[in-house]
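First residue of the sequence shown? That's 1 in full-length UniProt numbering, and the numbers climb one at a time after it.
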Amino acid sequence: MDEQLLEKYLRNQCSPTEVRQVLAFLATDDGQRLLQRVVDRETSSLRPMPLDPAEQAEAMRVFKRIQSAKRPALTATRSTTWWAVRWAAAAVVLLTLGMGSWWLYQQSIEEPCVTLRTPYGQTRLITLPDQSIVTLNGNSSVTYPVRWTDDKPREVWVEGEAFFDVVHTKSHQQFVVHLPAHMNVEVLGTRFNVYTRKSKTKVTLDTGRIRLLLDEQRKKQLVMKPGEMVVADTKGKTYYKKQVNARALASWRDQKLVFEGVSLLEIAQMLEDTYGVKVEIADPTLQKQRFSGSIPNQNINTILNGLSTLFDFHITRQSNRIVIQ
């Protein structure tokens with residue numbers, strides 16, 4: 001990892017995926033040394049400014065937690081007090097990123113993670129350490145610990161869209177999918193689809209049984225049955241459940257798109273999120289019209305041709321700009 005990404009992280013400008021990448025790197029000895037160099041450089045240009053008692057106590061509390069979580073320490077070449085001051089300064093920087101980043105930091109310290117992602121318009125099949133299968137849609141990512149143990153839940157973090165085929169273990173080990181919208185999906189063995197983009201998160205159950213934890217405090221719980229979809233806002237505060245054709249909604253895995261009463265606005269948003277294009281609907285009255293049908297989705301051009309033929313649209317494309325009328 002280069003120093004520019006770490007500086008971007010310290011300025012709180014990283015995406016969630018970049019945050020996990022940085023925090024996983026900080027769990028290594030090389031990461032600790034790089035952080036030390038950056039903190040040394042940044043603090044050397046500042047005049048000493050005393051923290052107020054509350055900030056001082058909080059910084060030292062975080063410093064102690066970092067120290068207790070770290071790998072065996074390198075041989076000290078300066079006094080313990082000096083290192084405490086340096087790490088307290090780093091702790092203050094980390095505190096500005098919020099408890100969400102600190103929680104991810106703790107997770108990364110415990111076990112290094114790997115992040116796999118897909119570019120726009122491509123899918124990817126991934127086998128997890130327990131032999132569960134994840135299919136990533138375009139412009140999506142999955143993060144999981146490199147090594148899984150029997151004494152902890154199997155945990156993954158998803159951004160974008162992914163279909164899970166989770167294996168059941170003899171020890172009934174829990175499988176947890178963490179989503180950005182303050183939502184967790186807890187399962188033992190089942191097949192389901194998760195979709196988390198911009199304004200909403202959707203979980204669709206194909207087979208088995210899953211439980212959703214819907215708010216930041218994990219107090220709202222909802223048990224799902226096959227054929228159900230739960231749609232929630234980005235904070236998990238409002239949600240609703242409905243019956244759907246789960247197989248049809250996950251048909252993207254088989255290079256096919258199936259629409260069942262989907263608005264043109266939703267289709268346009270899907271194209272933007274998955275294929276990285278900008279879609280304009282020339283006639284505003286078309287936006288809320290709903291469409292049903294099936295088209296191939298080998299690539300963006302195939303989809304546009306299918307939409308044009310199936311729904312009698314006139315579609316023009318210039319580079320990444322698409323106009324539907």
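Here a beta-carbon is modelled for each residue, glycine too, at the ideal position from N, C-alpha and C.
Model, not experiment: these values are computed from the prediction.
Run of the beta strand (DSSP E) containing residue i, from where it starts to where it stops
i, result
"ARG317", "315-318"
"LEU128", "Looking at the DSSP string, LEU128 is not in any beta strand (DSSP E), and its letter there is neither H nor E."
"ASN139", "Where ASN139 is concerned, there is no enclosing beta strand (DSSP E), given that its DSSP letter is neither H nor E."
"LEU188", "Where LEU188 is concerned, there is no enclosing beta strand (DSSP E), given that its DSSP letter is neither H nor E."
"GLN221", "221-224"
"VAL166", "Counting along the chain, VAL166 falls outside any beta strand (DSSP E), and DSSP gives it neither H nor E."
"GLY293", "290-296"
Where residue i falls: helix, strand or coil (DSSP)
i, result
"THR274", "helix"
"SER308", "helix"
"TRP87", "Confidence is the limiting factor: at TRP87 the pLDDT is only 47, short of 50, which leaves the residue's position unreliable, though a coordinate-based value still follows. Note: TRP87 maps to helix in three-state DSSP."
"VAL146", "coil"
"ASP254", "helix"
"ARG197", "strand"
"PRO119", "coil"
"GLY31", "helix"
"VAL93", "Here VAL93 scores only 48 on pLDDT, less than 50, and its place in the model should not be relied on; the value that follows carries that caveat. VAL93 falls in the helix class under three-state DSSP."
"ARG211", "strand"
"LYS8", "helix"
"ILE173", "Correcting the residue identity first, residue 173 is Gln in this sequence and not Ile. It is coil, neither helix nor strand."
"THR234", "coil"
"PRO180", "coil"
"ASN243", "Residue 243 is actually Gln in this sequence, not Asn. Of the three classes helix, strand and coil, the one that applies to GLN243 here is strand, per DSSP."
Whether residue i touches residue j by CB criterion (7 angstroms)
i, j, result
"TYR120", "GLY261", "no"
"ALA246", "ASP206", "yes"
"ALA250", "VAL258", "no"
"TRP157", "HIS178", "yes"
"THR115", "ARG124", "no"
"GLU159", "SER171", "no"
"ARG197", "ASP150", "no"
"CYS113", "PRO145", "yes"
"GLN255", "GLN318", "no"
Contacting residues, own chain, Cβ-Cβ under 7 angstroms from residue i (five flanking each side not counted)
i, result
"ARG65", "Caution is warranted here: a pLDDT of 46 is assigned to ARG65, below 50, making its placement in the model unreliable, and no coordinate value can be reported."
"VAL187", "VAL166, PHE175, GLY208, ILE210"
"LEU5", "GLU18, VAL22"
"GLN131", "VAL167"
"GLY189", "VAL166, VAL167, HIS168, GLY208"
"LEU310", "GLY293, ILE295"
Close beta carbons around residue i, own chain, < 6 angstroms, minus the five adjacent residues each side
i, result
"ARG253", "THR135, PHE163"
"TYR195", "GLU161, LYS202"
"ARG191", "ASP165, ASP206, THR207"
"THR302", "PRO296"
"THR220", "Note that residue 220 corresponds to Lys in the displayed sequence, not to Thr. Same-chain partners within the cutoff: LEU214."
"ILE322", "VAL277, VAL279"
"VAL223", "ARG211"
Own chain partners of residue i with C-beta closer than 8 angstroms, once the 5 adjacent residues on each side are dropped
i, result
"ALA324", "The residue you asked about is not Ala; residue 324 is Ile in the sequence shown. Excluding positions up to five away in sequence, the list reads LEU264, ALA268, VAL279, GLU280, ILE281, ALA282, LEU286, LEU307, PHE313, HIS314, ILE315."
"VAL244", "THR204, GLY227, GLU228, MET229, GLU260"
"ASN184", "VAL176, VAL177, HIS178, LEU212, LEU213, ARG218"
"residue 326", "Nothing can be reported for residue 326, as the shown portion of the chain is limited to 1 through 325."
"ASN320", "GLY276, VAL277, LYS278"
Residue i - containing alpha helix (DSSP H), residue span
i, result
"ALA246", "246-249"
Residue i Cβ short of 6 angstroms to the ligand GTP heavy atom set
i, result
"TYR275", "Absence of the ligand GTP is noted for the structure shown, with no ligands found whatsoever."
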